[in-house]
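Student: My questions will all concern the structure given below.
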Amino acid sequence: MAATLIDGRAVAQRVREQVAADVAVFTAETGDQPGLATVLVGDDPASAVYVANKRRACVAAGIADLHAHLPADVSQDELVAHIQKLNADPQVSGILLQLPVPAHLDANLLVELISPDKDVDGLTAVSAGRLAQGVPGLRPCTPSGVIELLDHHDVELQGAEAVIVGRSDLVGKPLIHLLLQRNATVTVCHSRTRDLPAVARRADVLVAAVGVPRLIGADAVKPGATVIDVGINRLEEGLVGDVDFDAVREVAGLITPVPGGVGPMTIALLLRNTLTAARLQRGL
Ligand SMILES: Nc1nc(=O)c2c([nH]1)NC[C@@H]1CN(c3ccc(C(=O)N[C@@H](CCC(=O)O)C(=O)O)cc3)C=[N+]21
268 MAATLIDGRA VAQRVREQVA ADVAVFTAET GDQPGLATVL VGDDPASAVY VANKRRACVA
328 AGIADLHAHL PADVSQDELV AHIQKLNADP QVSGILLQLP VPAHLDANLL VELISPDKDV
388 DGLTAVSAGR LAQGVPGLRP CTPSGVIELL DHHDVELQGA EAVIVGRSDL VGKPLIHLLL
448 QRNATVTVCH SRTRDLPAVA RRADVLVAAV GVPRLIGADA VKPGATVIDV GINRLEEGLV
508 GDVDFDAVRE VAGLITPVPG GVGPMTIALL LRNTLTAARL QRGL
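Just so we're aligned, residue 268 is where the sequence shown starts under the working numbering, counting upward by one.
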């Protein structure tokens, strides 16, 4: 029997409605509207589309849209000054520096400048440390979105075998901690893993986040497993994930499509993080 599809667009819409309701309460109680400062550097068309989507989602959730578009040749010093200004601005709850930035800029240095309490991407070393230690802080949006999808479908994580394919700072590593905190048994596979299909086949919950189109075939999936595809690969034939969807859906129990799976959750969790950031800044 073919797997049940996880509808990321529908779950994301529910999260966005909940955030909008919570933002309305926050604004009524504090007299302040949470605000997200997006920073777009240069004219990469894909980045421009992503940022436009995030800004539209903010407005729909009642979050102030505080955008800056800086030229591709902006200097490192100017960008440093801009981020410092946003750190100091009480109207700014969250700061999102859209990545990648042009090559003459030091992306890592710029990200680390962002105040950890405004780091709605959860990208700074302080945010990563807070996550690893299980103390309050801002968690990366995509991994949080994965957990949210699993919870929405009542996927049991306690004691489950979770296998993450990919060890990026943005997805794989944070997911280790989020899944451990839910008492899953966590295994991480990567490019040097000797027998990827054999390890992946142990998984009750398999998360693919490597950026290799259709890497995960049916031979890597235990019958009935939950398969979460974080991959976004733009091929000539269109957008495909890291999972060979047509083959794996015949084996899995639950599966996310690409598009319409994890992607929409990233934006929903960004909105929730912006509200969390506004609360953190007030010690709430
Ligand atoms: N500072 C920063 N934070 C980010 O979170 C960040 C970033 N930089 N740079 C680029 C990546 C990429 N990213 C996505 C967000 C939503 C979808 C999404 O909604 N995808 C839709 C369809 C997208 C399409 O059709 O192109 C889907 O999967 O259904 C995808 C990818 C956030 N990123």
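Where a beta carbon is used, it is the ideal one built from N, C-alpha and C, also for glycine.
1. I'd like to know whether the C-beta atoms of Val-432 and Val-455 end up nearer to each other than 9 Å.
2. Would you kindly report the start and end of the unbroken alpha helix (DSSP H) that includes Ala-370?
3. Would you call Lys-352 buried or exposed, if buried means 16 or more other Cβ atoms sit within 10 Å of its Cβ?
4. Considering only heavy atoms of ligand 1, does any lie closer than 8 Å to the CB of Gly-530?
5. Can you tell me whether DSSP reads His-420 as helix, strand or coil?
6. According to DSSP, is Thr-271 part of a helix, a strand, or is it coil?
7. Alpha helix (DSSP H) containing Val-326: first to last residue?
8. Since Asp-384 contacts Leu-547 with CB under 8 Å, what's their CB separation in whole angstroms?
9. Pairing CB atoms from the region 436–446 with CB atoms from the region 307–317, are three or more of them under 8 Å?
10. Using C-beta distances below 6 Å, list every residue in its chain close to Gly-389, excluding the 5 sequence neighbours before and after it, in chain order.
11. From Asp-386 to Tyr-317, what does the alpha carbon distance come to, in whole angstroms?
12. So, under 8 Å CB-CB, Val-466 and Val-488 are touching, yes? Tell me the CB distance rounded to an integer number of Å.
13. If you drop the 5 nearest sequence neighbours on each side, which residues of the same chain put their C-beta closer than 7 Å to that of Ala-291?
14. Is any non-hydrogen atom of ligand 1 found closer than 8 Å to the C-beta of Pro-526, if you look at the structure I gave you?
15. With the cut-off set at 9 Å, would you say Ile-414 and Arg-449 are in Cβ contact?
16. Would you kindly work out how many angstroms separate the C-alpha atoms of Leu-372 and Gly-530, rounded to a whole number?
17. With a Cβ-Cβ cutoff of 9 Å, do Leu-538 and Val-282 count as a contact?
18. Nearest-angstrom Cα distance between Arg-468 and His-336?
19. Alpha carbons only, please: which of Leu-463, Pro-524, Asp-462, Leu-424 is nearest the one belonging to Val-472?
20. Just the C-alpha distance for Ala-319 and Leu-364, rounded to the nearest angstrom, thanks.
21. Say the cut is 8 Å; is the CB of Leu-537 nearer than that to a heavy atom of ligand 1?
22. Taking only the alpha-carbon atoms, compute the straight-line gap between Ile-534 and Pro-490 and give it to the nearest angstrom.
Tutor: Working from what's here:
1. At a Cβ-Cβ threshold of 9 Å, Val-432 and Val-455 count as neighbours.
2. DSSP places Ala-370 in no alpha helix (DSSP H); its state is neither H nor E.
3. Exposed is the call here.
4. Gly-530: yes, Cβ under 8 Å from ligand 1.
5. His-420: coil per DSSP, three-state reduction.
6. Reduced to three states, the DSSP call for Thr-271 is strand.
7. That run of the alpha helix (DSSP H) goes 312–328.
8. Beta-carbon to beta-carbon, Asp-384 and Leu-547 are separated by about 5 Å, close enough to satisfy the 8 Å threshold.
9. Taking one beta carbon from each stretch, the region 436–446 and the region 307–317 have fewer than 3 pairs nearer than 8 Å; the two do not touch.
10. Excluding sequence neighbours, Gly-389 sits near Leu-405, Arg-406, Pro-407.
11. Whole-angstrom Cα-Cα distance: 18 Å.
12. Between Val-466 and Val-488, the beta carbon gap of about 12 Å keeps them out of contact (Cβ cut-off 8 Å).
13. Counting only Cβ-Cβ distances below 7 Å, and skipping sequence neighbours, we find Gly-329.
14. Result yes, Cβ under 8 Å from ligand 1.
15. In this structure, Ile-414 sits near Arg-449, with a CB-CB distance shorter than 9 Å.
16. Taking the straight line joining both Cα atoms gives about 27 Å.
17. Taking 9 Å as the Cβ cut-off, Leu-538 and Val-282 qualify as a contacting pair.
18. Distance between the alpha carbons of Arg-468 and His-336 is about 45 Å.
19. For Val-472, the closest alpha carbon among the candidates Leu-463, Pro-524, Asp-462, Leu-424 is that of Leu-424.
20. Rounded to whole angstroms, Ala-319 to Leu-364 spans 13 Å at the Cα level.
21. Using a cutoff of 8 Å, the CB of Leu-537 counts as near ligand 1, since one of the ligand's heavy atoms is closer than that.
22. Pro-490 has its alpha-carbon roughly 31 Å from the corresponding atom of Ile-534.
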